[in-house]
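Here's the structure, in structure tokens; my notes come after.
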Amino acid sequence: MVSTTDLPTKECRNSLSARTQPDVVSDLIEKEVFFKGFLYGPFKDPFQNYRVSPIGIAEGKYSGKKRLILDLSSPHNDDKHLSINDLIDKQDCSMSYVRIDDAIDVILKFGRNSWLANRQIPQTSSQCSTTSNEVPKQLRCNVVLNQAVNELWNSAIANTTRTVYDTGFRKFETFMLLNGFQFSNLPPISEDILIYFIAHCFKILSLQYSTIKLYLCGIRYKYVQGNQNDPLQSAHNTPLIRLDYVLNSVKRLQKTKNHIRLPITFEILEKIVNCLRKGFCSKFTDLMLRTACIVAFYGFLRCGEFTVSKASQFDPHINLCIEDVVFHSDLVVLKLKQSKTDPFRKGINIQLHKLGQLICPYTILLEYIQIRKEFSPTNQTDPLFITIDKKPLERQYFITCIKKVLDICGFNSSHYNGHSFRIGAATSAGKAKIEDHLIKT
1 MVSTTDLPTK ECRNSLSART QPDVVSDLIE KEVFFKGFLY GPFKDPFQNY
51 RVSPIGIAEG KYSGKKRLIL DLSSPHNDDK HLSINDLIDK QDCSMSYVRI
101 DDAIDVILKF GRNSWLANRQ IPQTSSQCST TSNEVPKQLR CNVVLNQAVN
151 ELWNSAIANT TRTVYDTGFR KFETFMLLNG FQFSNLPPIS EDILIYFIAH
201 CFKILSLQYS TIKLYLCGIR YKYVQGNQND PLQSAHNTPL IRLDYVLNSV
251 KRLQKTKNHI RLPITFEILE KIVNCLRKGF CSKFTDLMLR TACIVAFYGF
301 LRCGEFTVSK ASQFDPHINL CIEDVVFHSD LVVLKLKQSK TDPFRKGINI
351 QLHKLGQLIC PYTILLEYIQ IRKEFSPTNQ TDPLFITIDK KPLERQYFIT
401 CIKKVLDICG FNSSHYNGHS FRIGAATSAG KAKIEDHLIK T
């Protein structure tokens with residue numbers, strides 16, 4: 001309802017409160033605009049004529065909290081440069097609050113024996129059905145129980161799963177903000193909104209079908225945690241049919257390719273070890289990579305069980321540490337604190353026996369631990385595998401190094417990944433006619 005005008009461009013000067021507190025202005029803009037996703041551009045000359053209204057800072061009378069204000073009535077008393085408010089049609093866009101006098105007039109109109117009701121109207125933009133079971137105030141004030149509930153929620157899913165879920169939910173929040181939705185806690189949600197979010201992930205973000213499904217699971221987790229109904233099911237606890245059709249359409253259109261993933265058998269492991277013995281990187285890095293490869297093969301390990309996604313995310317309560325390696329006379333025990341096949345985190349002990357061969361997990365671990373302690377002073381809770389810069393071994397770094405070694409050995413490295421050691425160990429065990437149930441355990 002803003003009048004069309006060809007008035008000249010006007011950039012108003014910020015108010016004195018903003019000019020004297022530039023750091024506060026920058027901090028508030030970053031919080032209110034950038035972090036909440038209210039940002040498009042930058043654009044180059046998007047409009048021929050435009051108006052920049054001045055920014056000011058207001059401070060709460062009692063709380064003292066500072067907030068940004070935008071003076072849409074500026075410039076004042078300027079016939080040449082009208083303000084934004086001057087351009088708004090007052091008749092079509094004016095509003096007024098209901099007064100107590102209006103309520104009294106209604107009561108007088110209907111007289112005695114009429115019923116009065118007080119009802120709080122929810123936000124019109126929200127389509128998320130809320131459960132009526134609100135936590136009583138007595139429980140909300142119990143600090144100990146609140147901490148326990150938070151701990152239980154944190155342990156409900158694995159850390160890697162939580163990372164993906166958090167990413168998916170942040171993408172959903174950004175999508176909603178960019179499309180003009182406003183919310184204080186959880187965004188409004190419906191089957192149609194989720195369908196458009198899938199389209200956004202497919203067309204704009206170019207995400208794969210599997211990633212989109214994980215993001216939807218993350219959205220569901222956040223809403224259930226927030227005491228909301230499952231947004232991926234109808235009110236009758238049935239699947240959302242239209243949503244399923246759209247997801248299947250994404251899967252069909254992407255025509256997912258079958259990636260070749262070959263095993264690293266014992267024969268290939270021998271070539272990798274020999275290449276690293278001849279010298280690939282530094283002396284310590286070569287020893288570390290040899291140890292990791294041999295332990296991964298003989299321990300049937302997944303790549304994530306002896307590496308970390310990011311060095312900064314190393315957690316001694318989860319990841320492999322020096323204390324998790326215990327030597328005995330004829331074997332070494334490797335303790336995994338968590339594993340894909342250990343959902344309740346009881347821990348798994350893996351026995352690596354002394355083989356008396358050139359490639360032996362016991363011998364290489366013993367050598368590596370000694371060099372590891374000489375290379376970097378250690379605590380028992382330090383990461384077992386570290387790089388030359390003394391940081392925990394990252395998954396991507398390990399895979400990149402092994403792929404380069406495989407290329408040197410004459411293999412097509414694109415057919416191998418971190419899981420190839422576990423597959424190769426199982427393949428080699430199968431060739432040795434070890435029974436399937438023993439291989440699985």
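In terms of the UniProt record's numbering, the sequence shown opens at residue 1 and continues consecutively. Built from N, CA and C at the ideal position, the CB exists for glycine as well.
Apart from the 5 residues on each side of it in sequence, serine 420 sits with its Cβ closer than 8 Å to the Cβ of Arg261, Leu262, Pro263 and Ile264 in its chain, given in chain order.
Lysine 90 and glutamine 228 have their alpha carbons spaced roughly 40 Å apart. For arginine 242, no beta strand (DSSP E) encloses it; the enclosing alpha helix (DSSP H) starts and ends at 241 to 254. Counting only the Cα atoms, phenylalanine 183 lies some 24 Å from valine 98. Serine 53 is positioned such that its CB atom lies closer than 8 Å to that of leucine 70.
Annotation: glycine 424 to leucine 365 spans about 20 Å, alpha carbon to alpha carbon. Within the DSSP bridge table, the entry for cysteine 321 names Pro383 as partners. In its chain, beyond the 5 residues on either side, Val164, Tyr165 and Gly168 have a beta carbon closer than 8 Å to the beta carbon of leucine 214. Per DSSP, glycine 56 is one residue of the beta strand (DSSP E) stretching across 55 to 59.
Separation of the CB atoms of valine 308 and arginine 395 is rounded to 7 Å, and the pair is thereby assigned contact status at 8 Å. When DSSP states are grouped into helix, strand and coil, histidine 353 belongs to the strand group. In the DSSP assignment, no residue is bridged to proline 188. Sequence-distant partners of valine 144 (beyond 5 residues in either direction) whose C-beta falls short of 6 Å from its own C-beta are missing from its chain. Phenylalanine 327 carries a strand assignment under DSSP once its states are collapsed to helix, strand and coil. Rounded to the nearest angstrom, the Cβ distance from cysteine 303 to cysteine 409 is 19 Å, too far for a contact under 8 Å. The C-alpha of phenylalanine 284 is placed about 19 Å away from the C-alpha of leucine 406.
Contact fails between the segment 386 to 401 and the segment 326 to 338, because fewer than three Cβ pairs, one in each stretch, are under 8 Å apart. Out of Gln370, Cys321, Leu205 and Ser282, the CA that lies nearest to the CA of aspartate 382 is found in Cys321. If you compare the alpha carbons of Ile88, Tyr368 and Ala426 with that of aspartate 286, the shortest gap goes to Tyr368.
With respect to isoleucine 189, cysteine 201 sits apart: the two C-beta atoms are not nearer than 8 Å. Between the C-alpha atoms of leucine 7 and glycine 64 there is a straight-line separation of about 39 Å.
Following the DSSP letters along the chain, one finds lysine 66 inside the beta strand (DSSP E) bounded by residues 66 to 70. In the DSSP assignment, lysine 278 falls within the unbroken alpha helix (DSSP H) covering 266 to 278. In this structure, DSSP gives serine 376 a state outside helix and strand, which the three-state scheme calls coil. Note on geometry: alpha-carbon atoms of alanine 235 and glycine 56 lie some 46 Å from one another. In the DSSP assignment, glutamine 396 falls within the alpha helix (DSSP H) that extends over 395 to 408. The C-alpha of phenylalanine 197 lies about 13 Å from the C-alpha of proline 231. Rounded to the nearest whole angstrom, the CA to CA distance from lysine 346 to leucine 253 is 42 Å.
DSSP places serine 312 in the helix class (H, G or I) of the three-state scheme. Residue Glu267 holds the alpha-carbon nearest to the alpha-carbon of leucine 358 among Ile104, Glu267, Glu11 and Val24.
For serine 17, the enclosing alpha helix (DSSP H) covers residues 16 to 19.
With contacts defined as CB atoms closer than 8 Å, leucine 336 and glutamate 305 qualify as a contacting pair. Judged by their CB atoms, histidine 81 and lysine 10 are nearer to each other than the 8 Å cut-off.
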